[in-house]
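Colleague:
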Amino acid sequence: MAKISINIATGSLQQEELIVGIDLGTTNSLIAIIHPDTKKPIALKDVDDKVLVPSVIHFDENGNIQVGTTAKDYLIEDASNTIYSVKRLLGKSYQDIVDKNAYFSYKIIDHDADSLVKIQIGEQFYSPIELSSFILKELKERAEHVLKQPISKCVITVPAFFNDAQRQATRDAGKLAGLEVLRIINEPTAASLAYGIGTSINDTKQIAVYDLGGGTFDISILRITEGIFDVLSTHGDTYLGGDDLDKEIVRWIQEKLALSDQQLYADKQGYAALRLEAENAKKQLSYDTEYTFKHSNQEFTLSRSEFEQRIQPIIQRTIQSCEQALRDSGLSKQQLQAVVLVGGSSRVPLVKKMVADFFEQTPYDNVNPDEVVALGAAVQADILAGNTKDILLLDITPLSLGIETMGGLMDVLIPRNTKIPAKAGRQYTTQKDGQSGIRISVYQGERDLVKDNRKLAEFILSGIPSMPAGLPKVDIQFILNADGILQVRARELRSGIEQTVDIKPQFGLTDAEVEQMLLDSIMHAKADIAERSVVEAITEAENLIQLTENFMHKHEAFIVPEERSAAMQAIAVLQEAMQQRDKNAIMHANEELNRISSPFAERVMDAAVAAALKGKTV
Ligand code: ADP
Ligand code: MG
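In my numbering, the protein residues as written are 64 to 681.
What follows is the structure, encoded as structure tokens:
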């Protein structure tokens, strides 16, 4: 592996090196670089000259994994083994997506609503991080193939509204794919950089970025001052996009052929073909004024104007979001210097027209809208590589800062390469009933287990009043000031008890050591993430066992002996799997115990409701 060196103060690489920009999209993903000769960003193509990699992963019965166009062919015929829209699941718990479960045709594990979701394919369980890493790996391999050199560093884009957990999950996916994620940047920021907006220091601008993709819509209002991008407001709809336009055309065909819903959906293959036909029709209508559909001996023509009439209400919803975002930003349309169009669906002429009418200006659309985000990521990558001398580099944290959580895991609060000063916080709780103290261990580094990172400090927040496990709310704040001093503050919110320590993270750390820590994290990524998922599965299992045992103890009357022994046996199996540290076995046993024990809770609930109703007059 090539040697790298990183300037601690700036985070810039000291040696010229190719860093790629990646747009990890819900529907499509792609990878871009700054061309070494022309110095212009370009997206990299596959052997068929295609730039876009559909964000789809297929698993066959032999455990082979396909990504992209070939995987997309399985969406209908092998739906339960074909993963799409995994970006929607990144950093999410089951609770977050439960009302959208019908949207996914593959199996999402639902036994623990609060922990991060997992996807079951056959006998295997995958996290959205692992699944996303397959897409990133595909992109990495494409770049290595085209550029004929190893690629190890990248910038990845995420929606502006992505929270901390979603950003961290994206970083982890990169790491797992063997990529060092130098920075996560917002998609609208990348789009803006691709247009050269905000690339010179004394440029203050306010812009709107309108992004209509395959299944999502985002509008962001940005202010750019001296190369710093601030998101003033965002709005959108996470279930609105090009797919909805396709469905309008499917409906049109359905009307023309006089098909009932049942007839339409009964033939899976036929329906899939129709969806594809509709997407092609839609694309054609972006250039032509007509599209002709042929069936048996009949021909039907859809004019662009009829198409526009049908989709107008959908586009109108995006305009309402624009209105809201503008209001939230506190700016008027006249204060915007540019409106940038992003996403494949922004090619639809009616979209361009309605956006132009709403903002009362001609939007920027001359950069390919499905490439613009990746191209901007490549521009950012080039800035980080130190190749653009006239742009300012900010002080950033060279290594991630976080605390130890259950099972010795590193929970990152401030990721590496975060602009200083920075502030981040998260809430934690207790593990045991009546626990009066919480040990807070602060670490620095990129590894998943704290034992491999550098310990900066440790203190105990004591005097927490006696409460059941899970009730105390311990808020931990990391405040990193401009001089690089980290203040860690822990506060139990119910009682108000608080403790603070000041730490100098960079103290005694050389450039070479930072470099080594980064290299180690990439080299051990696979093992680290595997270990992390075992620890997470064990933690979940421990919780379920404790819950079940407590429950059986408290509500003895509701549980018959056979059930008790079934539960005890399931617990024994689970404990054995935990001993073996086999993730898949633990998760299977966990599912089983959950299946046995969840009816207990329902019964107790029913009894409680019945008792409550008894005393009431109706
Ligand atoms: P995402 O950011 O969600 O991954 P993209 O920006 O790649 O998605 O957008 C994909 C969507 O763009 C799809 O619905 C696709 O049909 C649509 N699209 C691509 N080209 C065109 C076109 N010429 N006209 C209309 N829609 C298009
Ligand atoms: Mg996109």
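Every residue gets a Cβ at the ideal spot worked out from N, C-alpha and C, and that includes glycine.
(1) Less than 7 angstroms between the beta carbons of L438 and P104, yes or no?
(2) Give me, in chain order, the residues of the same chain whose beta-carbon lies closer than 6 angstroms to that of D669; leave out the 5 immediate sequence neighbours on both sides.
(3) In the DSSP assignment, find the beta strand (DSSP E) that holds N164 and state where it starts and stops.
(4) Report the partner residues of V551 according to the DSSP bridge assignment.
(5) Say the cut is 6 angstroms; is the CB of R151 nearer than that to a heavy atom of ligand 3?
(6) Check whether the Cβ of T301 sits closer than 6 angstroms to any heavy atom of ligand 1, and report yes or no.
(7) Who's in the neighbourhood of ligand 2, going by beta-carbon under 7 angstroms from any heavy atom, listed in chain order?
(8) Going by C-alpha distance, which of V411, Y147, P535 and G533 is nearest L275?
(9) If you follow the beta strand (DSSP E) that A253 is in, where does it begin and where does it stop?
(10) Would you call S661 buried or exposed, if buried means 16 or more other Cβ atoms sit within 10 Å of its Cβ?
(11) Please confirm if the stretch 199-218 is in contact with the stretch 84-101, defined as three or more CB-CB distances below 8 angstroms between the two stretches.
(12) Is any heavy atom of ligand 1 found at a distance shorter than 6 angstroms from the C-beta of D109?
(13) Give, in chain order, every unbroken run of the beta strand (DSSP E) that is at least 3 residues long and sits entirely within the stretch 303-339.
(14) Taking the C-alpha atoms as reference points, what is the distance between Y491 and L534?
(15) Please determine, among R627, A600, E578 and A620, the residue with the shortest C-alpha to C-alpha distance to E612.
(16) Taking the beta carbon of Y302 as the centre, do at least 16 other beta carbons fall within 10 Å, making it buried, or is it exposed?
(17) Shortest alpha-carbon distance to I172 belongs to which of R666, F663 and H651?
(18) Please work out which residues of its chain come closer than 6 angstroms, Cβ to Cβ, to P528, disregarding the five sequence neighbours upstream and downstream, and give them in chain order.
(19) Compute the Euclidean distance between the alpha carbons of H358 and K331, then round it to the nearest angstrom.
(20) Any heavy atom of ligand 1 closer than 6 angstroms to the Cβ of V116?
(21) For R410, is the beta carbon positioned less than 6 angstroms from some heavy atom of ligand 1?
(22) In angstroms with no decimal places, state the Cα-to-Cα distance between D645 and S178.
(23) With a threshold of 6 angstroms (Cβ to nearest heavy atom), would D351 be considered close to ligand 1?
(24) If we require 4 or more residues per run, which alpha helix (DSSP H) segments fall completely within the stretch 370-441?
(25) Should E665 be labelled buried (16 or more other beta-carbon atoms within 10 Å of its own) or exposed?
(26) In whole angstroms, what separates the C-alpha of M64 from that of Q579?
(27) Should N657 be labelled buried (16 or more other beta-carbon atoms within 10 Å of its own) or exposed?
(28) Expressed to the nearest angstrom, what Euclidean distance is found between the alpha-carbon atoms of T680 and E655?
(29) Who does Y354 pair with in a DSSP beta bridge?
(30) Tell me the residue span of the alpha helix (DSSP H) that contains N127.
(31) On the three-state DSSP scale, how would you describe F683?
(32) Beta carbon of I128, beta carbon of L107: below 7 angstroms?
(33) When the Cα of F356 is compared with those of L115, V403 and A341, which residue comes out closest?
(34) Determine, using beta carbons only, whether V598 and G470 come nearer to each other than 7 angstroms.
(35) Can you have a look at L81 and say buried or exposed, based on whether 16 or more other CB atoms are within 10 angstroms of its CB?
(36) Could one say the Cβ of K536 lies closer than 7 angstroms to chain B's Cβ atoms, at least one of them?
Modeller: Inspection of the coordinates gives the following:
(1) As a working mapping, residue 438 is identified with position 375 in the sequence shown. As a working mapping, residue 104 is identified with position 41 in the sequence shown. Their beta carbons are under 7 angstroms apart, which means L438 touches P104 by this criterion.
(2) By one-based count along the sequence shown, residue 669 stands at place 606. Contacts found: none.
(3) Looking up residue 164 in the sequence shown gives position 101. Careful: N164 lies outside any beta strand (DSSP E) and carries neither H nor E.
(4) On the sequence shown, position 488 is the one that residue 551 refers to. Per DSSP, the beta-bridge partners of V551 are F541 and V564.
(5) No copy of ligand 3 occurs in the structure displayed; its ligands are ligand 1 and ligand 2 alone.
(6) Along the sequence shown, one-based indexing puts residue 301 at 238. Every heavy atom of ligand 1 is 6 angstroms or more from the Cβ of T301, so no.
(7) Those residues are D86, G88, T89, E250, D274, G276, V405, G406 and V436, given in chain order.
(8) Your numbering for residue 275 matches position 212 in the sequence shown. Of the listed residues, the one whose Cα sits closest to L275 is V411.
(9) In the sequence shown, residue 253 corresponds to position 190, counting from 1. Residue range E250 to A257 is occupied by the alpha helix (DSSP H) that includes A253, with no beta strand (DSSP E) assigned at that position.
(10) On the sequence shown, residue 661 is found 598 positions in, with the first residue counted as 1. Its Cβ having fewer than 16 others within 10 Å, S661 is exposed.
(11) Contact holds: three or more Cβ-Cβ distances are below 8 angstroms.
(12) On the sequence shown, residue 109 is found 46 positions in, with the first residue counted as 1. Every heavy atom of ligand 1 is 6 angstroms or more from the Cβ of D109, so no.
(13) Here no run is fully enclosed.
(14) Locating residue 491 in the sequence shown gives position 428, counting from the first residue. Locating residue 534 in the sequence shown gives position 471, counting from the first residue. Near 10 angstroms, if we compare the C-alpha coordinates of L534 and Y491.
(15) Sequence index remark: in the sequence shown, residue 612 carries index 549 (1-based). Of the listed residues, the one whose Cα sits closest to E612 is R627.
(16) In the sequence shown, the residue the question calls residue 302 occupies position 239. It counts as exposed.
(17) Your numbering for residue 172 matches position 109 in the sequence shown. The shortest C-alpha separation from I172 is found at H651.
(18) In the sequence shown, counting from the first residue as 1, residue 528 sits at position 465. Closer than 6 angstroms at the Cβ level, and outside the excluded window around P528, lie S558.
(19) Within the sequence shown, residue 358 is the residue found at index 295, counting from 1. Within the sequence shown, residue 331 is the residue found at index 268, counting from 1. Each residue's alpha carbon lies about 18 angstroms from the other.
(20) In the sequence shown, the residue the question calls residue 116 occupies position 53. Checking the 6 angstroms criterion, the Cβ of V116 is out of range of every heavy atom belonging to ligand 1.
(21) Counted from its first residue, the sequence shown places residue 410 at position 347. Shortest gap from the CB of R410 to any heavy atom of ligand 1: under 6 angstroms.
(22) Residue 645 sits at position 582 when you count from the first residue of the sequence shown. Residue 178 sits at position 115 when you count from the first residue of the sequence shown. Their backbone Cα atoms lie some 18 angstroms apart in a straight line.
(23) For the purposes of this step, residue 351 is taken as the residue at position 288 of the sequence shown. No, the Cβ of D351 stays beyond 6 angstroms of every heavy atom of ligand 1.
(24) Whole alpha helix (DSSP H) segments, 4+ residues: 412-422.
(25) Residue numbering aside, residue 665 sits at position 602 when the sequence shown is read from its first letter. It counts as exposed.
(26) Taking the first residue of the sequence shown as position 1, residue 64 is located at position 1. Taking the first residue of the sequence shown as position 1, residue 579 is located at position 516. Model confidence at M64 stands at a pLDDT of 29, short of 50, so the residue's coordinates are unreliable; what they give is reported in the following sentence. M64 and Q579 have their C-alpha atoms roughly 12 angstroms apart.
(27) For this step, residue 657 is matched to residue 594 along the sequence shown. Label assigned to N657: buried.
(28) Along the sequence shown, read from residue 1 onward, the residue named residue 680 stands at position 617. Along the sequence shown, read from residue 1 onward, the residue named residue 655 stands at position 592. Caution is warranted here: a pLDDT of 41 is assigned to T680, below 50, making its placement in the model unreliable, and no coordinate value can be reported.
(29) One-based indexing of the sequence shown puts residue 354 at position 291. Note: Y354 sits in a beta bridge opposite L365.
(30) Taking the sequence shown and counting its residues from 1, the one referred to as residue 127 is at position 64. It is not in any alpha helix (DSSP H) - N127 carries neither H nor E in the DSSP assignment.
(31) Examination of residue 683 is not possible in this model, given that the chain is present from 64 through 681 alone.
(32) What you label residue 128 is simply residue 65 of the sequence shown in a count that begins at 1. What you label residue 107 is simply residue 44 of the sequence shown in a count that begins at 1. Contact check for I128 against L107 fails: the beta carbons are separated by 7 angstroms or more.
(33) The sequence position of residue 356 within the sequence shown is 293, counting from 1. That would be A341, whose Cα lies nearest to the Cα of F356.
(34) If you number the sequence shown from 1, residue 598 lands on position 535. If you number the sequence shown from 1, residue 470 lands on position 407. A distance below 7 angstroms separates the beta carbons of V598 and G470.
(35) Position 18 of the sequence shown holds residue 81. Buried is the call here.
(36) Judged by its chain identifiers, the structure shown contains no chain B, having just a single protein chain.
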